[in-house]
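Trainee: Residue numbers (the numbering used here), protein chains in the order written: chain A, 641 to 1099; chain B, 1402 to 1886.
Note that CB positions come from ideal geometry on N, CA and C, so glycine has one too.
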Amino acid sequence: MTATTVDAPPPEVRLPKRRGVEFSLLVGAVLIAVFGYIDVGLTKNGAVPPDAAGYGAGLGVLALLAHLAVRFRAPYADPLLLPIAVLLNGLGLVLIYRLDLETPKDQAAPTQLIWSTLGVALFIGVVVLLRDHRVLQRYAYLSVAAALVLMTVPIFFPAINGAKIWIRVGGFSFQPGEFAKILLAVFFAAYLAANRNALAYTGRKIWKLQLPTGRVLGPIVAIWLLSVGVLVLERDLGTSLLFFGLFVILLYVATGRTGWIAVGLLLAAVGAFVVGSLEPHVHSRVQDWLHPFASIDAGQGPGQLAQSLFAFAAGGMLGAGLGAGQSVLIGFAAKSDFILATAGEELGLSGLTAIFLLYALLVARGYRAGLALRDPFGRLLSIGLASILALQVFVIAGGVMGLIPLTGMAMPFLAQGGSSVVTNWIIVALLMRVSDSARRPQPEHVETGVIAPIVEVDQ
Amino acid sequence: MIRYIRRAAGFCLLLLVALLLNAARVQVFQAESLDDNPANRRKTIGRYEQKRGNIVVDGKPVTGSRDSGEQLRYERTYLHGPLYAPVTGYASQTYGTTFVENAEDDVLSGTDPLLAPLPLWNEITRSRQPGGNAVTTIRGAVQRAAYSGLGGRKGAVAAVEPSTGKILALVSSPSYDPEQISGTGRRVTDAWARLNGSPSQPMLNRAIRQTYPPGSTFKIVTAAAALDTEVVTDIGAPTKTPEPYVLPGTSTTLPNEASGCRDASLEYAIRVSCNTVMAELGVRVGMAGMLDTVQKFGFNDDGLRVPSRVSASSFDTSMTADQLALSSIGQYDTRATPLQMAMVAAAVANGGELKSPYLVDRTTDADGDVASQYSPKSLHQAMNPSTATQLQQMMVDVVENGTGTNAAIPGVRVGGKTGTAQHGTDNTGTPYAWFISWAHEDGDSQPAVAVAVVVEDASADRADISGGGSAAPIARAVMRAALAD
């Protein structure tokens, strides 16, 4: 090294904050939703719907408030996350609003807008109040305890449509399992960040598989058993699959042990087979998946999955156009579990691909934040949150399109469902927070008295 | 850890690819079979989602669409439903379509590729065009004259333009209003049951779907065969036929209603409608010759479309001589639709050339731009032109001096032939009154119209039923309407 470089001040790397980009994208996202309302109104009634202005303004104000919170409290956060969330939420409102026109007695869009407002409020709350994601690491055990409580509570409430995953108080229904997702992600990330070396390198070796010690492995296995327990007691294949997938992905990322995936898949296969053949509710879902037209052949008319496939097929390449489809034929779950069928029918394969890519972008940005972060907890947390989105989209989209057996889950942001919208807004808020940390310029000098962050050396 | 994050990201990418491939599978590769699944209501809903195109008479639609506000949104309405029912048929959400509604369904419902400005683009978007229109050849005044002429009596009228084959009128009576069965639900099924259960068979299209023994009107066909085969070379010369005529191989004698038929000329036999002469001439022409001629007139052809299917008129292909004799005067198993007999008159009027009859002149898109245009086609040369000229002369003679004077129109050259067809066991049924005719205005290069009328009214006095008395006045009214511009 030459003297000049030693004496010169280190070059200042100023990462762009990109808040202007975010704002422009937000304007675009809100406009797309507003055009969606107008299109629906023109198709259905030949006139611009009078409440389009209300929905548009509502969405616009929410987007603006969220943007302002980000601008002041997380200025380095990824500029794509918020616009994608607003766009998906807006599209969801358009689709629900559109289906509301077919079911005048059952209006879901106004409620969805209220829940979206609550979701954005919580988004702002997280962005403003949570200054550093590492704080969450301290609450790992509190998180898992809360998650367990939330998941077990619905057992004491009556089943709705065959699944015991709701708490219904008055006219309000509420899925506590949705929130448990975030809490579990926090716990997994914290636990694995703390114990990943022990999981990877200790314990006995059987053939090629390095087994960790029971003390380290125990809590994790307990969580897996719990997820199967939730499934059996609440008949909720989707959530259980999601927890399990999340767990395997994080375990793999934390330890780098491919064997874990093999073991995970094996356990999942055994669990799925046992439950799929023994539990009648799940068993019927598997039968529907294998024979979606069985009810037609039996002369009972098309079942929900058949109706959903009809809807997707009717959309074809370019879709029927907003408001021009017939996906309301699907029946009672058209606005919730099957909302994607409306998107497929009215926006076509092209629109559906765009929606999938929006989710993919959201997931990719989460992974990217994970790559850029330096602390293992933050990394695992962002990977975990992004994977929740990815798995959820895959499980529900694959389910309604006949790729895998159908499980009752909500398409993030699109589907009718308050708990789901609120949860997904919190997930995006946490991703904003970690991406802000990931993209924030590193302090040049470590101040005395502060423990230096552990700089990780990749294996 | 970075390496594993990248691999996990790769796993997520794999999930995305699986979703996209699966979406393409369902939305592109399986789309058609899913669309065609009988349990998929979309085709039905889509079909009634937009207004159906119209069937046009005289430049004005005789159909319409009504917004029912139900899942199957637009229902068919009809102006003057009973008048045009034999032309339009019905378009029912419950019972499907018939006649022009059926034949031009692709155009009317908007699925015909001819309606799309860019067919390939349409194929990709799989969108439906606004319903197009079917413009008929029917002339309202002619149709109304025929309908009011029948006046609710059982019967039918077919009128064609001889030089082109345009069908100017197609009437069946009694009729019904197709609007009663347009929609769905109890009222429609009740109306359907009532219409189908009615003894007067209002939904039977007597003009093209019912065959009758043509009686003496068939003698025009026999005369054409006799002239074309040169069994008769001079229409004014005696035919050397006995009276009464004993059917060959039997002891049954065939009587005449008219007098002076012994050894009569063909001209006289047509004028007064001699049974003996025409039966004997038919036997002399022979089975093969008769069959050749009747088929050139369109008998025994079940492929005729106008574009609605026309029931085949029949002439037996193998008969004994006595059966052939009876068939030659339009009895025994000989049967014809009213349209078939109008075609016989038209072929005579048009110099022997029989044009294919047609009902739909053109189809247009919703804006009225032509999608397809029918061009008149020749069906057969039914007879030699010289034979046609002689037959024209004889048919004019019928109207001027013979049994068809009730069809005469002052100042117009009108040719006709009466018929009274026996039917039922031992001929106990009330006879059908027939009249076929054509009108050719002086100074016009082409004949204006050829008409066939059949009246089967059971309530009429038997003596009163004769082609000249019951059917000829209707034919005259129809010809008058066709001649008026």
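With respect to the alpha helix (DSSP H) encompassing residue 879(A), which residues constitute its N-terminal and C-terminal limits?
Mentor: In the first sequence, residue 879(A) corresponds to position 239, counting from 1. Where residue 879(A) is concerned, the enclosing alpha helix (DSSP H) stretches over 877 to 895.
Trainee: In terms of alpha-carbon separation, which member of 956(A), 1034(A), 711(A) lies closest to residue 1434(B)?
Mentor: By one-based count along the second sequence, residue 1434(B) stands at place 33. Checked all of 956(A), 1034(A), 711(A); the closest Cα to residue 1434(B) is 956(A).
Trainee: Spell out the partners DSSP gives residue 1736(B) in its beta bridges.
Mentor: One-based indexing of the second sequence puts residue 1736(B) at position 335. Answer is 1715(B).
Trainee: Grab me the residues of residue 1752(B)'s own chain with a C-beta within less than 7 Å of its C-beta, minus the 5 sequence neighbours each way, in chain order.
Mentor: Counted from its first residue, the second sequence places residue 1752(B) at position 351. Excluding positions up to five away in sequence, the list reads 1786, 1789.
Trainee: Would you mind working out which of 939(A), 887(A), 910(A), 949(A) sits nearest residue 1038(A), comparing C-alpha positions?
Mentor: On the first sequence, position 398 is the one that residue 1038(A) refers to. Cα-wise, what sits closest to residue 1038(A) is 949(A).
Trainee: Any C-beta of chain A within less than 9 Å: which residues of the region 1822 to 1849 of chain B qualify?
Mentor: The residues in question: there are none.
Trainee: Give me the residue from 1625(B), 1529(B), 1522(B) with the minimum Cα distance to residue 1730(B).
Mentor: Within the second sequence, the letter at position 329 stands for residue 1730(B). Comparing Cα-Cα distances from residue 1730(B) to each of 1625(B), 1529(B), 1522(B), the minimum goes to 1625(B).
Trainee: So, with DSSP's three-state summary, where would you put residue 1692(B)?
Mentor: Taking the second sequence and counting its residues from 1, one reaches residue 1692(B) at position 291. Reduced to three states, the DSSP call for residue 1692(B) is helix.
Trainee: Are the region 1758 to 1771 of chain B and the region 1804 to 1817 of chain B in contact at 8 Å, needing three or more beta carbon pairs?
Mentor: No, because fewer than three Cβ pairs between the region 1758 to 1771 of chain B and the region 1804 to 1817 of chain B fall closer than 8 Å, the two stretches do not touch.
Trainee: Along chain B, which residues have their Cβ under 9 Å away from the Cβ of residue 944(A)?
Mentor: Indexing the first sequence from 1 puts residue 944(A) at position 304. Here the premise fails: no neighbours, minimum Cβ distance about 12 Å.
Trainee: Anything in chain B within Cβ reach of residue 695(A), meaning under 9 Å, just list it in chain order.
Mentor: The count along the first sequence starts at 1 and reaches residue 695(A) at position 55. Result: empty, since nearest Cβ-Cβ is about 26 Å, beyond 9 Å.
Trainee: With a cut-off of 8 Å, do at least 3 Cβ pairs link the region 1543 to 1551 of chain B to the region 1874 to 1886 of chain B?
Mentor: Touching, yes.
Trainee: Given residue 642(A), which residues of its chain have a CB within under 6 Å of its CB, disregarding the five upstream and five downstream residues?
Mentor: Position 2 of the first sequence holds residue 642(A). In this predicted model, residue 642(A) has a pLDDT of only 45, less than 50, meaning its place in the structure is not dependable; the value taken from the coordinates is given anyway. Once the five neighbours on either side are set aside, residue 642(A) has no close Cβ partner at all.
Trainee: Between the Cα of residue 1458(B) and those of 1535(B), 1758(B), 1846(B), spot the shortest distance and give me the residue it belongs to.
Mentor: For the purposes of this step, residue 1458(B) is taken as the residue at position 57 of the second sequence. Of the listed residues, the one whose Cα sits closest to residue 1458(B) is 1535(B).
Trainee: Return no unless some Cβ of chain B is closer than 7 Å to the Cβ of residue 966(A).
Mentor: As a working mapping, residue 966(A) is identified with position 326 in the first sequence. It does: the Cβ of residue 966(A) has a partner Cβ on chain B nearer than 7 Å.
Trainee: Alpha carbons only, please: which of 1609(B), 1852(B), 1756(B) is nearest the one belonging to residue 1780(B)?
Mentor: Counting from one through the second sequence, the residue named residue 1780(B) turns up at place 379. Ranking the options by Cα distance to residue 1780(B), first place goes to 1756(B).
Trainee: Which partner residues of residue 1841(B) appear in the DSSP bridge assignment?
Mentor: As a first step, residue 1841(B) must be located in the second sequence, where it is residue number 440. Paired residues: 1814(B).
Trainee: When you compare the CB positions of residue 1541(B) and residue 1454(B), do they come within less than 7 Å of one another, or not?
Mentor: Translated into positions along the second sequence, residue 1541(B) becomes position 140. Translated into positions along the second sequence, residue 1454(B) becomes position 53. Taking 7 Å as the Cβ cut-off, residue 1541(B) and residue 1454(B) do not qualify as a contacting pair.
Trainee: Determine the DSSP secondary structure at residue 737(A), reduced to helix, strand or coil.
Mentor: Residue 737(A) sits at position 97 when you count from the first residue of the first sequence. Residue state, collapsed to three classes: helix.
Trainee: Taking the beta carbon of residue 795(A) as the centre, do at least 16 other beta carbons fall within 10 Å, making it buried, or is it exposed?
Mentor: The residue labelled residue 795(A) in the question sits at position 155 within the first sequence. Residue 795(A) comes out exposed.
Trainee: Assuming residue 1478(B) contacts residue 1583(B) under a Cβ cut-off of 8 Å, what Cβ separation, rounded to an integer in Å, is found between them?
Mentor: The count along the second sequence starts at 1 and reaches residue 1478(B) at position 77. The count along the second sequence starts at 1 and reaches residue 1583(B) at position 182. Going by Cβ atoms, the distance from residue 1478(B) to residue 1583(B) rounds to 7 Å, so yes, they are a contact pair.
Trainee: Taking CB distances under 7 Å as the criterion, tell me whether residue 882(A) reaches chain B.
Mentor: Residue 882(A) sits at position 242 when you count from the first residue of the first sequence. No, its Cβ sits nowhere closer than 7 Å to a Cβ of chain B.
Trainee: In this structure, how does DSSP classify residue 681(A) when only helix, strand and coil are distinguished?
Mentor: Counting from one through the first sequence, the residue named residue 681(A) turns up at place 41. Helix, per DSSP.
Trainee: Is any beta-carbon of chain B found at less than 7 Å from that of residue 1010(A)?
Mentor: Residue numbering aside, residue 1010(A) sits at position 370 when the first sequence is read from its first letter. It does: the Cβ of residue 1010(A) has a partner Cβ on chain B nearer than 7 Å.
Trainee: For the putative contact between residue 1487(B) and residue 1851(B), defined by C-beta atoms under 8 Å, what is the C-beta separation to the nearest angstrom?
Mentor: On the second sequence, position 86 is the one that residue 1487(B) refers to. On the second sequence, position 450 is the one that residue 1851(B) refers to. That pair is no contact at about 18 Å.
Trainee: How far does the beta strand (DSSP E) with residue 1476(B) in it reach, from first residue to last?
Mentor: Mapped onto the second sequence, residue 1476(B) falls at position 75. 1475 to 1479 is the extent of the beta strand (DSSP E) around residue 1476(B).
Trainee: Mind pulling the alpha helix (DSSP H) runs of 4 or more residues that sit fully within the region 1630 to 1690 of chain B?
Mentor: You should have 1667 to 1673.
Trainee: Going by other Cβ atoms of all chains shown within 10 Å of its Cβ, with 16 needed for buried, is residue 1635(B) buried or exposed?
Mentor: Translated into positions along the second sequence, residue 1635(B) becomes position 234. Looking at its Cβ environment, which holds fewer than 16 other Cβ atoms inside 10 Å, residue 1635(B) is exposed.
Trainee: Would residue 1018(A) pass as a contact of residue 773(A) if the rule is Cβ separation under 7 Å?
Mentor: In the first sequence, counting from the first residue as 1, residue 1018(A) sits at position 378. In the first sequence, counting from the first residue as 1, residue 773(A) sits at position 133. For residue 1018(A) and residue 773(A), yes; Cβs fall inside 7 Å.
Trainee: Below 7 Å between beta carbons: does that hold for residue 1837(B) and residue 1849(B)?
Mentor: Counting from 1 along the second sequence, the entry for residue 1837(B) is found at position 436. Counting from 1 along the second sequence, the entry for residue 1849(B) is found at position 448. Cβ distance not < 7 Å, so residue 1837(B) and residue 1849(B) don't count as in contact.
Trainee: Can you give me the C-alpha to C-alpha distance between residue 1099(A) and residue 1031(A), rounded to a whole angstrom?
Mentor: In the first sequence, counting from the first residue as 1, residue 1099(A) sits at position 459. In the first sequence, counting from the first residue as 1, residue 1031(A) sits at position 391. Any reading at residue 1099(A) is ruled out, since the residue's pLDDT is 46, under 50, leaving its predicted position unreliable.
Trainee: Considering just the uninterrupted stretch of the beta strand (DSSP E) at residue 915(A), what are its terminal residues?
Mentor: By 1-based counting over the first sequence, the position of residue 915(A) is 275. First-last for residue 915(A): 898 to 918, but that is the alpha helix (DSSP H), not the beta strand (DSSP E).
Trainee: According to DSSP, is residue 1022(A) helix, strand or coil?
Mentor: Walking along the first sequence from the start, residue 1022(A) turns up at place 382. Looking at residue 1022(A) - three-state DSSP - the assignment turns out to be helix.
Trainee: Which bits of chain A does residue 1419(B) rub up against, with CB to CB less than 8 Å?
Mentor: By 1-based counting over the second sequence, the position of residue 1419(B) is 18. What residue 1419(B) touches in chain A: 1034, 1038, 1043.
Trainee: Determine which residues of the region 1428 to 1440 of chain B have a Cβ less than 9 Å from any Cβ of chain A, and write them out in chain order.
Mentor: Per Cβ criterion, the list reads 1428, 1429, 1431, 1432, 1433, 1434, 1435, 1436, 1438, 1439, 1440.
Trainee: In chain B, which residues lie less than 8 Å from residue 993(A) when you measure between Cβ atoms?
Mentor: Residue 993(A) sits at position 353 when you count from the first residue of the first sequence. Per Cβ cutoff of 8 Å: 1421, 1424.
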